[in-house]
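Trainee:
Protein chains in written order, with this note's numbering: chain E, 368 to 482; chain L, 1179 to 1292.
See below:
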């Protein structure tokens, strides 16, 4: 596709339920990133993929959060037993590689609301 | 540690006014610096970047200069337009484990009225 896409665009769930958020990166981009943006705050890094591997998971806030990537393409971020503090916009970005000057291209985000 | 501090918004200006959004950073090593913009209802887009000290990034009339001595990367535009209304994020790029890890400021909302 032309850009990074994410689905769903909005997700409302009840506390304690599991949710899956999907990211489709730009075709051919080997690097993929997940971020979280809480209301009125900047982006918090969650996880980085190079290919299907995740060399940096340091931003995942707890073991309720996990992510995978398959086929060096689609990635899924899963949040188990959601809590109200998980409410945020979850952003995905992709880039061509790991060189320091490579631009990250962002998707429109998934707005997650946990009731 | 590595962090970015940018001025709190919202910043409200009249069309054609001069814009400055302050950004300062704390970093180990030699970071790259970025400004991203988020227009209403859209994803983040890279606005400009600078990869070493004294570099000036520019795009769409916006400029920012990488000042190592003051650890700053302030965003400026000489004459803003209503279409510049958006949230602006300053970010630091640090090489970490072989990749460019971005650390973002909290964002500054800009509202330009006619």
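We treat Cβ as the ideally placed atom computed from N, Cα and C, and that holds for glycine.
Taking 7 Å as the CB-CB limit, is residue 1251 of chain L close to chain E?
Mentor: Here residue 1251 of chain L is taken as the residue at index 73 of the second chain, counted from 1. Taking Cβ atoms only, chain E never reaches closer than 7 Å to residue 1251 of chain L, which makes this a no.
Trainee: Keeping to the same chain, check which residues put their C-beta closer than 8 Å to that of residue 1241 of chain L; ignore five residues upstream and five downstream.
Mentor: Start at 1 with the first residue of the second chain, and residue 1241 of chain L comes out as number 63. Closer than 8 Å at the Cβ level, and outside the excluded window around residue 1241 of chain L, lie 1226, 1234, 1235, 1253, 1254, 1255.
Trainee: At 3 residues or longer, and completely inside the region 372-404 of chain E: list those beta strand (DSSP E) runs for me, N to C.
Mentor: Runs found: 372-374, 377-380, 386-391, 398-404.
Trainee: Relative to the C-alpha of residue 397 of chain E, which candidate in E:457, E:383, E:479, E:415 has its C-alpha closest?
Mentor: Your numbering for residue 397 of chain E matches position 30 in the first chain. Minimum Cα distance to residue 397 of chain E is reached at E:415.
Trainee: Looking at the secondary structure, which residues open and close the beta strand (DSSP E) in which residue 1225 of chain L lies?
Mentor: Position 47 of the second chain holds residue 1225 of chain L. Looking at the DSSP string, the run of the beta strand (DSSP E) that includes residue 1225 of chain L is 1222-1228.
Trainee: Here's the rule: buried if 16 or more other CB atoms are within 10 angstroms of the residue's CB, otherwise exposed. What is residue 1301 of chain L?
Mentor: Since the first and last residues shown for chain L are 1179 and 1292, residue 1301 of chain L lies out of range.
Trainee: Can the beta-carbon of residue 1228 of chain L be found closer than 7 Å to that of residue 1270 of chain L?
Mentor: To locate residue 1228 of chain L, count along the second chain from 1; it is residue 50. To locate residue 1270 of chain L, count along the second chain from 1; it is residue 92. Cβ atoms of residue 1228 of chain L and residue 1270 of chain L: not closer than 7 Å.
Trainee: For the region 416-432 of chain E, which residues have a beta carbon sitting closer than 8 Å to at least one beta carbon of chain L?
Mentor: Going along the region 416-432 of chain E in chain order, one finds 417, 422, 423 with a Cβ nearer than 8 Å to chain L.
Trainee: Could you check what DSSP says for residue 1254 of chain L in three-state terms: helix, strand or coil?
Mentor: Taking the second chain and counting its residues from 1, one reaches residue 1254 of chain L at position 76. In the structure shown, residue 1254 of chain L sits in a strand (DSSP, three-state: E or B).
Trainee: Have a look at the DSSP bridge pairing and note the partners of residue 1274 of chain L.
Mentor: The residue labelled residue 1274 of chain L in the question sits at position 96 within the second chain. Note: residue 1274 of chain L sits in a beta bridge opposite L:1277.
Trainee: What would DSSP say about residue 1260 of chain L, mapped onto helix, strand or coil?
Mentor: Position 82 of the second chain, counting from 1, holds the residue named residue 1260 of chain L. Residue state, collapsed to three classes: helix.
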